[in-house]
Amino acid sequence: MVAVRTFFGDRIRCRAAVICSGTFARGRLHLGATQWDGGRAGEANAPYLSESLLALGLPLFRLRTGTCPRVDARSVDLDEMQLEEGDREPVPFSYLTERVDCPSLPCYATWTTDDTYRIVHDNLHLAPIVTGAIAGASPRYCPNFETKIANFPEKRRHHLFVEPEGVESVEMYLNGMYLSMPMDLQEDIIHSIPGLRRARIVRYGYSVEYDAIRSTELRDTLETKAVAGLFTAGQINGTSGYEEAAGQGLLAGANAGLRALGRPAFRLGRDRSYIGVLVDDLTIRGTDEPYRLFTSRAEYRLLLRQDNADLRLTDLGREIGLVGPNRAERVADLRREIEEGRTALTENRLPNGDSLEHLLRRPETTWDDVKAVLPDLERLSGRAAEQLTIETKYAGYIARHLRQIHHLEKNRRLRIPAGFDFTTVNGLSREATEKLGHFRPENLDQAMRISGVSPADAALLMVKMGRVTA
Numbered sequence: 157m158v159a160v161r162t163f164f165g166d167r168i169r170c171r172a173a174v175i176c177s178g179t180f181a182r183g184r185l186h187l188g189a190t191q192w193d194g195g196r197a198g199e200a201n202a203p204y205l206s207e208s209l210l211a212l213g214l215p216l217f218r219l220r221t222g223t224c225p226r227v228d229a230r231s232v233d234l235d236e237m238q239l240e241e242g243d244r245e246p247v248p249f250s251y252l253t254e255r256v257d258c259p260s261l262p263c264y265a266t267w268t269t270d271d272t273y274r275i276v277h278d279n280l281h282l283a284p285i286v287t288g289a290i291a292g293a294s295p296r297y298c299p300n301f302e303t304k305i306a307n308f309p310e311k312r313r314h315h316l317f318v319e320p321e322g323v324e325s326v327e328m329y330l331n332g333m334y335l336s337m338p339m340d341l342q343e344d345i346i347h348s349i350p351g352l353r354r355a356r357i358v359r360y361g362y363s364v365e366y367d368a369i370r371s372t373e374l375r376d377t378l379e380t381k382a383v384a385g386l387f388t389a390g391q392i393n394g395t396s397g398y399e400e401a402a403g404q405g406l407l408a409g410a411n412a413g414l415r416a417l418g419r420p421a422f423r424l425g426r427d428r429s430y431i432g433v434l435v436d437d438l439t440i441r442g443t444d445e446p447y448r449l450f451t452s453r454a455e456y457r458l459l460l461r462q463d464n465a466d467l468r469l470t471d472l473g474r475e476i477g478l479v480g481p482n483r484a485e486r487v488a489d490l491r492r493e494i495e496e497g498r499t500a501l502t503e504n505r506l507p508n509g510d511s512l513e514h515l516l517r518r519p520e521t522t523w524d525d526v527k528a529v530l531p532d533l534e535r536l537s538g539r540a541a542e543q544l545t546i547e548t549k550y551a552g553y554i555a556r557h558l559r560q561i562h563h564l565e566k567n568r569r570l571r572i573p574a575g576f577d578f579t580t581v582n583g584l585s586r587e588a589t590e591k592l593g594h595f596r597p598e599n600l601d602q603a604m605r606i607s608g609v610s611p612a613d614a615a616l617l618m619v620k621m622g623r624v625t626a
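Numbering (the working numbering), first residue to last: 157 to 626.
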């Protein structure tokens, strides 16, 4: 039995609990030289949560993230920026949604200027992320604007996207302009940018520093090893990003519910989903900076596609009660259609003896071309036709990809010479180059377990080591 005690002293008894505290665990905000406790602007932090976790034996470390200024849309000169329209017919996230009917608002693109660069560069001594006032590691792939200027002084211009906060909001979000500099400087910085010279800032940017637990202290169910029944999800696990948090929340919530019901835990492997990749990276490799999930981190990325997510995962959801019978039956019907179509493609042949599958593999051939040969395919749904087309056209790439994965697994013990210069590996990501140079792994297996070294990086390293040690 797990118990949660609130700030007011209430004690809640439960079989399982999920902590998803975001940036609130001992959160501290930074705006120029001003610092104050908080989880986000205007909201108190959660200092006692960190104390409780430490008392339970869970090690904590500091991370940070930031947010950008918001400006009044009515004060923005949209004509001075480049229009970036959304999809005319948005594709829904769920195949259960037939169409998206809500209004679509455009975004706008603009560029910073030499004046922007000068203002920031000349005042870096006032930026808390540069002065050392903030100790936590920041998101590598979503840095503060001050960090961009400090780390890449040769780059004079930076791209910004000006995005509406919502259909009913007058605020616009300056994507790419994450700031923690003093407010007067934020005014000068924003007003140096085309389209924003008369912009009125309604909320200033700031950085927030917060506690996260070492994710290697978690099981692959997102249950803590220290306390049975206690699960964690989101930024407290060292991740950054809405999608990463949502995926963890789904897994942790499902497992908390299953535990409360006395049922077996739910797990997702690296070969089944991107959530499985994320959780495996966190619990096995750990992270020392806010973790983002990219396709390159997944060995099976050609199989883990958006278009086949329901085919891959619906049965798993059905087994644990997250998917109802109607949805499960729709996916079962789709599978039957796909199998029927696959049989038709392999058994029906052209006059020259080639199968329709062989015809569809040709780059110039479309599904309509195949239907013209075999009109019976008209009865298949658009989803089934889409899957058959993708499977057929990319079958060779997928087979080659799986062979590469097998080859990589066989070569895990490949030795890396002492003092090897990782900058000589063409195509290696900047993050992988930095971390390999820091940790100096002795073989490919050790390299593959370093947070930030993706399977794509490992494959490049394997090829290079094969040449070096041959």
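All residues carry an ideal CB built from backbone N, CA and C; glycine is no exception.
On a predicted model such as this, the values are computed, not experimentally measured, just so you know.
Residue i - DSSP class collapsed to helix/strand/coil
| i | result |
| --- | --- |
| residue 208 | helix |
| residue 160 | strand |
| residue 222 | strand |
| residue 527 | helix |
| residue 310 | coil |
| residue 276 | helix |
| residue 626 | Here the model assigns residue 626 a pLDDT of 49, short of 50, so the residue's position is not dependable and the matter cannot be decided. |
| residue 134 | Beyond the ends of the chain as shown, which are 157 and 626, falls residue 134; an answer cannot be given. |
| residue 327 | strand |
| residue 268 | coil |
| residue 496 | helix |
| residue 576 | coil |
| residue 601 | helix |
| residue 540 | helix |
| residue 320 | strand |
| residue 301 | helix |
| residue 260 | coil |
| residue 180 | coil |
| residue 522 | coil |
| residue 419 | coil |
| residue 281 | helix |
| residue 347 | coil |
| residue 368 | strand |
| residue 410 | helix |
| residue 450 | coil |
Contact belief for residue i with residue j at Cβ below 8 Å, rounded distance in angstroms
| i | j | result |
| --- | --- | --- |
| residue 613 | residue 570 | Contact flag wrong, Cβ pair sits at about 14 Å. |
| residue 434 | residue 403 | 6 Å |
| residue 114 | residue 600 | Absent from the model: residue 114. The displayed extent of the chain is 157 to 626, so no value can be given. |
Residue-level contact to chain B via CB, residue i, 8 Å cutoff
| i | result |
| --- | --- |
| residue 343 | In summary, chain B is missing from the structure at hand, where a single protein chain is found. |
Rounded straight-line distance, which links the Cα of residue j to that of residue i
| i | j | result |
| --- | --- | --- |
| residue 329 | residue 365 | 21 Å |
| residue 269 | residue 422 | 51 Å |
| residue 202 | residue 395 | 18 Å |
| residue 231 | residue 326 | 10 Å |
| residue 562 | residue 597 | 21 Å |
| residue 400 | residue 556 | 29 Å |
| residue 241 | residue 323 | 15 Å |
| residue 379 | residue 220 | 24 Å |
| residue 417 | residue 549 | 44 Å |
| residue 558 | residue 547 | 14 Å |
| residue 161 | residue 167 | 4 Å |
| residue 280 | residue 587 | 24 Å |
| residue 432 | residue 582 | 29 Å |
| residue 308 | residue 243 | 33 Å |
| residue 115 | residue 414 | It is not possible to answer for residue 115, since the shown part of the chain is limited to 157 through 626. |
| residue 626 | residue 447 | Reliability fails at residue 626, whose pLDDT of 49 lies under 50, so the model's placement of it is uncertain and the value that follows must be treated cautiously. Roughly 35 Å between the two C-alpha positions. |
| residue 375 | residue 608 | 20 Å |
| residue 331 | residue 278 | 23 Å |
| residue 342 | residue 578 | 39 Å |
8 Å CB neighbourhood of residue i in its chain, flanking five on each side removed
| i | result |
| --- | --- |
| residue 218 | 291, 292, 293, 365, 366, 367, 368 |
| residue 382 | 212, 213, 214, 373 |
| residue 321 | 226, 327, 328, 329 |
| residue 544 | 494, 497, 498, 501, 516, 523, 536 |
Cβ shell of residue i (< 6 Å), same chain only, five flanking positions each side left out
| i | result |
| --- | --- |
| residue 590 | none |
| residue 313 | 267, 268 |
| residue 159 | 167, 169 |
| residue 359 | 226 |
Beta-carbon contacts of residue i that lie in its chain and below 7 Å, excluding the five residues immediately before and after
| i | result |
| --- | --- |
| residue 478 | 410 |
| residue 223 | 334, 361, 362 |
| residue 560 | 615 |
| residue 344 | 275 |
| task | Evaluate the contact criterion for the region 457 to 477 versus the region 509 to 523: three or more CB pairs, one atom per stretch, below 8 Å. | result | Too few Cβ pairs lie closer than 8 Å, so no.
Would you check if the region 437 to 455 and the region 604 to 613 touch, i.e. whether three or more CB-CB distances between them fall below 8 Å?
Below 8 Å, enough C-beta pairs join the region 604 to 613 and the region 437 to 455 to call them touching: three or more.
**Prompt:** Three or more beta-carbon pairs under 8 Å between the region 299 to 314 and the region 387 to 402, yes or no?
**Reply:** No: the two stretches stay apart, fewer than three of their Cβ pairs being nearer than 8 Å.
Exercise. May I ask you to verify whether the region 336 to 352 touches the region 273 to 291, counting CB pairs closer than 8 Å and requiring at least 3?
Key: Verdict: yes, contact present.
> Would you say the region 486 to 496 touches the region 531 to 544, given that touching needs at least three Cβ pairs under 8 Å?
Replying inline: The way I'd put it, the region 486 to 496 does touch the region 531 to 544; three or more beta-carbon pairs between them come closer than 8 Å.
Any chance the region 401 to 415 sits against the region 190 to 207, with 3 or more Cβ pairs inside 8 Å?
-> By the Cβ criterion, the region 401 to 415 is not in contact with the region 190 to 207, since fewer than three pairs of Cβ atoms, one from each stretch, lie closer than 8 Å.
When the Cβ atoms of the region 416 to 432 are set against those of the region 179 to 194, are three or more pairs found closer than 8 Å?
The region 416 to 432 vs the region 179 to 194: no contact.
Exercise. Is there contact between the region 272 to 283 and the region 253 to 261, where contact requires at least three CB pairs shorter than 8 Å?
Worked result: Taking a cut-off of 8 Å for Cβ pairs, the region 272 to 283 and the region 253 to 261 do not touch, as fewer than three such pairs fall below it.
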